[in-house]
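Asks: Just passing along the structure, written as structure tokens.
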Amino acid sequence: MRKSILVFFCVLLAFGVKAQNWDINTLHKINSLDGKFARNYSNVFSKSAPYISIGVPVAMAVYAGIGKDKELLKDAIYVGTSVAEAVVITYGLKYATDRQRPYDRYPDRINARSHESSSSFPSAHTAAAFSLATSLSIKYPKWYVIAPSAFWACSVGFSRMNEGVHYPSDVAAGAVIGAGCAVANIYVNRWLNGWLFGEKKKPVAITY
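This is the structure in structure tokens:
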């Protein structure tokens, strides 16, 4: 029994070391892309994340207010709260995990093109981007919404690695959190709409 437990922990340790090596090796390759196009691409998308993630739902809400469009206002609240939830969760995890930034832990392998004050895991930029992209795609399931939204969100994730501020695992976790919040928020907003707009759930019809 003791041997089995020892073998299990040895396998777990080996897997963890292998995963960590993959994390830093993959990041090193992405961070090494330092051509003019890659640098401009990453710089634009990395900086765009907070502005677009906040700006889109705010613009939707303003437009809904001007046009007195109740349905658009509901969509704006859904998209905005999805992004907010993703950001709150990521910063809670950042505080709990306190993972060192890759450029701090591996200064000889990672070139820091920007610096952040918070911890590394997970990526808040990526979480916000994927939350926005997923919530917009859910509300407006058209190719011309889904395709550019997905492209932008993935580009934000890539840019954070190219900047040297996040590991691939940080970005992957951010993407899962962001998309997950958008999906979960569908159900949260049913309650929120009832509270804000006085809407009651329709009774379920029972047939025999």
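Numbering (the working numbering), first residue to last: 928 to 1135.
Just so you know, even glycine gets a beta-carbon here, dropped at the ideal spot from N, CA and C.
Keep in mind that this is a model prediction, so the values were computed, not measured.
Compute the beta-carbon to beta-carbon distance between A1055 and G1105, rounded to the nearest angstrom, for a pair I have assumed lies under 8 Å.
Replies: Yes, they are in contact, since the Cβ atoms of A1055 and G1105 sit about 6 Å apart, within 8 Å.
Asks: Please name the residue, chosen from Y1094, I981 and E1090, that lies closest to S1058 on a Cα-to-Cα basis.
Replies: The residue with the shortest Cα to Cα distance from S1058 is I981.
Asks: Taking 6 Å as the cut-off, is the C-beta of N1120 nearer than that to any heavy atom in the ligand NAD?
Replies: Absence of the ligand NAD is noted for the structure shown, with no ligands found whatsoever.
Asks: Can you give the Cα-Cα distance for P1095 and A965, rounded to whole angstroms?
Replies: Distance between the alpha carbons of P1095 and A965: 17 Å.
Asks: Does any residue of chain B have a CB that is nearer than 7 Å to the CB of K956?
Replies: Among the chains in the structure shown there is no chain B, since it carries only a single protein chain.
Asks: Nearest to V983 by alpha carbon, out of G994, N970, K997 and D1002?
Replies: Cα-wise, what sits closest to V983 is D1002.
Asks: Here's a check: name, in chain order, each residue in its chain whose Cβ is nearer than 7 Å to the Cβ of E1012, leaving out the five neighbours to either side.
Replies: Excluding sequence neighbours, E1012 sits near C1108 and N1112.
Asks: For the region 951-969 against the region 1034-1048, do three or more pairs of beta-carbon atoms, one drawn from each stretch, fall closer than 8 Å, so that the two count as touching?
Replies: Flag = yes, the region 951-969 and the region 1034-1048 touch.
Asks: On the DSSP letters alone, give me the boundaries of the alpha helix (DSSP H) that D1002 sits inside.
Replies: Run containing D1002: K997 to T1024, per the alpha helix (DSSP H) assignment.
Asks: Run the CB neighbour count on F1044, radius 10 Å, all protein chains shown included, and call it buried at 16 or more, exposed below.
Replies: For clarity, residue 1044 is Ser in the given sequence; the question names Phe instead. That one is exposed.
Asks: Whole angstroms is fine: what's the gap from V1110's alpha carbon to N1120's?
Replies: When rounded, the distance between both Cα atoms is 16 Å.
Asks: Between the C-alpha atoms of G962 and Y1114, what's the straight-line distance to the nearest angstrom?
Replies: Approximately 44 Å between the Cα atoms of the pair.
Asks: Taking the Cβ atom as the reference point for each residue, do S1047 and R1028 lie within a distance shorter than 7 Å?
Replies: Cβ distance < 7 Å, so S1047 and R1028 count as in contact.
Asks: Along the alpha helix (DSSP H) that carries D1031, what are the first and last residues, could you check?
Replies: Run containing D1031: P1029 to R1032, per the alpha helix (DSSP H) assignment.
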